[in-house]
Amino acid sequence: MLDTLFNINTIMYTFPIAGWGVDTYAMSYLEFWVSLLNLGSVIAFRKNHISAYPLSIIACAGLAVMFYQINLYSDQLLNIYFIVISIFGWIWWKKKKDDGSELFSIRYMNKASQLRMIVASVISIVLLGTFIDPIFSSLATLVATILGESYTHTNAALPYWDATTTVLSVFAMYLLTRRYVESWILWVIVNVISVGLYYYRGVLFLSLEYIIFLANAIYAWYLWHKESLSYSSNLNTCDSVTRS
């Protein structure tokens, strides 16, 4: 049963897809269920609903397994991070202020924080794209040694593109847990790259899903931007009352 659900080579259904460069596409059970849960989680995040977190944790566990099997190591590490940050996000979103309001309101970062994020992103992408193979190889070899198993490393498929989506996703997910609007701007960029990345790697169902993710991120950006205007208006009102 577990092998059926967690093996990318266990096929659920074969689709005829003439015109995509291949005649058929074999979709695994693993790809199917993680895609559905992932879709549910991003829709819940768009709606600012806490149910996004349990859905995200389960989906990311499955995605980590799948990315290992198709040699996208940065994405595997990324989904392990998603599991951890989702646990913290779940706690933060459940926590309330003394007056019963949300701990974090939907808002934009200040300009200085935005600049620091951009600089840190560029540096991190270059470093991760350069060193992802030796880092992952060392970690995987260590784990294999502890478990008494053998391990043969296969180089990352597209290290710099993979690193770009990984780094931006790290920032995007953290900002999302703190309810910053910029998180959705980063998700738009990540989703555009991911559509091409997963299509290239032959994970067509996931590539199609990222088109849906892209539309969801654009819409979420619009909704959260509108909500942030209300937050800014309330701040200005409070500031005016304080000064008077």
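Numbering (my numbering), first residue to last: 6 to 249. Glycine residues also receive a C-beta, built at the ideal position from the N, C-alpha and C atoms. Everything numeric in this text was worked out from a predicted model, so none of it was measured.
Are residue i and residue j touching if we call contact CB-CB under 9 Å?
| i | j | result |
| --- | --- | --- |
| asparagine 43 | leucine 82 | no |
| isoleucine 16 | tyrosine 34 | yes |
| tyrosine 179 | methionine 114 | no |
| leucine 228 | arginine 112 | no |
| serine 40 | alanine 49 | no |
| asparagine 160 | asparagine 76 | yes |
Just reading off the beta strand (DSSP E) that residue i is part of, what are its end residues?
| i | result |
| --- | --- |
| tyrosine 30 | 29-33 |
| phenylalanine 20 | 16-21 |
Do you know how far the Cα of residue j is from the Cα of residue i?
| i | j | result |
| --- | --- | --- |
| serine 235 | valine 47 | 23 Å |
| serine 174 | aspartate 104 | 33 Å |
| phenylalanine 141 | alanine 162 | 13 Å |
| phenylalanine 37 | asparagine 12 | 11 Å |
| isoleucine 151 | leucine 10 | 26 Å |
| leucine 211 | serine 233 | 31 Å |
From this set, the options, which residue's C-alpha is nearest residue i's C-alpha?
| i | options | result |
| --- | --- | --- |
| tryptophan 226 | Trp192, Ala31, Leu209, Thr150 | Trp192 |
| valine 131 | Ile85, Ala49, Val148, Ala168 | Ala168 |
| serine 129 | Arg184, Thr171, Ser143, Ala49 | Thr171 |
| threonine 135 | Asn12, Pro164, Ala125 | Pro164 |
| leucine 219 | Trp189, Val208, Leu202, Ser233 | Trp189 |
| glutamine 74 | Ile216, Val208, Ser212 | Val208 |
| methionine 122 | Thr19, Asp80, Glu187 | Glu187 |
| isoleucine 107 | Thr182, Asn221, Val124 | Residue 107 is actually glutamate in this sequence, not isoleucine. Nearest of Thr182, Asn221, Val124 to glutamate 107, Cα basis: Thr182. |
Looking at the unbroken alpha helix (DSSP H) that takes in residue i, where does it start and where does it end?
| i | result |
| --- | --- |
| threonine 182 | 164-182 |
| isoleucine 62 | 57-74 |
| valine 208 | It is not in any alpha helix (DSSP H) - valine 208 carries neither H nor E in the DSSP assignment. |
Tell me whether residue i is buried or exposed, calling it buried when 16 or more other Cβ atoms sit within 10 Å of its Cβ.
| i | result |
| --- | --- |
| serine 199 | buried |
| tyrosine 58 | buried |
| glutamate 154 | exposed |
| alanine 64 | buried |
| serine 118 | exposed |
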